[in-house]
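Structure record follows, encoded as structure tokens.
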Amino acid sequence: DAKTTQPTSMDCAEGRAANLPCNHSTISGNEYVYWYRQIHSQGPQYIIHGLKNNETNEMASLIITEDRKSSTLILPHATLRDTAVYYCIVRPSTGTASKLTFGTGTRLQVTL
Amino acid sequence: EAGVVQSPRYKIIEKKQPVAFWCNPISGHNTLYWYRQNLGQGPELLIRYENEEAVDDSQLPKDRFSAERLKGVDSTLKIQPAELGDSAVYLCASSWTGGAYEQYFGPGTRLTVT
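Here's what the structure looks like:
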């Protein structure tokens, strides 16, 4: 699986957009970009995933560059409850269900 | 819909003692995963089941760890004997089978070995 690089930590003011970057320069053609987050003392929670088109759901938007070597997760209006560790994961899309290879993620702190 | 259920939530044991963790996946999810998460790190896969079959256990320390998934639903992860380095959060996750479906995680069991 391709390796990802994320900043260790970020801060965001409540109500503002949180933009979390991820580099995955070795991503291959059949690999999706997944985002999970982990709130303190909870298990990881799925947020969104995409292949090459931008994606949006009720939680967030995912912007993938045209060369697919990087992506950005956008939380449009961050709240205190969005404080968590955010993991960017690259994962094959075909074949049997595959494991998630987590890095250390980005610790997002949302402040008043 | 009920999520992934794990018990116990917390466990404190002395080294060399046995310990077991239980997981009940989301109804209908045939794939079940056990992960271990050390402090400050992301989760790492220990074992993956497709129904009753362990299809990826390459990261499971087989000298002291064992797992089972009888009838392809609930699963138990056991450590015997526990070592100080086994202190971690043990997470269970489940997903649909086939393709790269998203995984749903339980709250985890925090194990402390003293």
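For the record, the sequence lines run as chains D and L. For reference, each letter of the first sequence is one residue, going 50 to 161 in the working numbering. For reference, each letter of the second sequence is one residue, going 23 to 136 in the working numbering. Backbone N, C-alpha and C define an ideal beta-carbon position, used for all residues, glycine too.
Hey, could you find the ends of the beta strand (DSSP E) ALA115(L) is sitting in?
-> Per DSSP, ALA115(L) belongs to the beta strand (DSSP E) from 110-117.
Where are the beta strand (DSSP E) runs, 3 residues long or more, that stay fully inside the stretch 43-121 of chain L, in chain order?
-> 53-59, 66-72, 75-78, 87-90, 97-101 and 110-117
Per-residue burial, ASP85(L) [other beta carbons within 10 Å of its own, 16 or more giving buried] = exposed
Can the beta-carbon of GLN55(D) be found closer than 7 angstroms to that of CYS137(D)?
-> yes
At a cut of 8 angstroms, does the stretch 92-111 of chain D reach the stretch 32-48 of chain L through at least three beta carbon pairs?
-> Taking a cut-off of 8 angstroms for Cβ pairs, the stretch 92-111 of chain D and the stretch 32-48 of chain L do not touch, as fewer than three such pairs fall below it.
LEU129(D) in three-state terms, based on DSSP | helix
Assuming ASN52(L) and GLY94(L) make a contact with CB atoms under 8 angstroms, what is their CB distance in whole Å?
-> 7 angstroms
Spatially closest choice to ILE48(L) from GLY64(L), PHE87(L), ASP96(L) and ARG58(L), by CA coordinates = ASP96(L)
Whose C-beta lies closer than 7 angstroms to the C-beta of TYR57(L) among residues of the same chain, with five residues either side of it excluded?
-> PRO65, GLU66, LEU67, LEU68, LEU113 and ALA115
Which chain D residues sit within Cβ distance under 8 angstroms of LEU99(L)?
-> Neighbours of LEU99(L) on chain D: none; closest Cβ ~15 angstroms, over 8 angstroms.
Out of curiosity, what's the CA-to-CA distance linking THR98(L) and ILE35(L)?
-> Cα to Cα, the separation comes out at about 17 angstroms.
Quick one: grab the DSSP three-state call for LYS33(L).
-> Three-state DSSP puts LYS33(L) in a strand.
Euclidean distance between Cα positions of LEU69(D) and TYR32(L) = Rounded to the nearest angstrom, the gap between the Cα atoms of LEU69(D) and TYR32(L) is 32 angstroms.
DSSP state of MET108(D) mapped onto helix, strand, coil | coil
Going along chain D, which residues have a C-beta under 8 angstroms from GLU74(L)?
-> Annotation: GLU74(L) has no Cβ neighbours in chain D at a cutoff of 8 angstroms; minimum Cβ distance is about 15 angstroms.
Note down, in chain order, every chain L residue with its Cβ under 7 angstroms from the Cβ of GLN91(D).
-> PRO129
For TYR123(L), three-class secondary structure by DSSP = DSSP places TYR123(L) in coil when its eight states are reduced to three.
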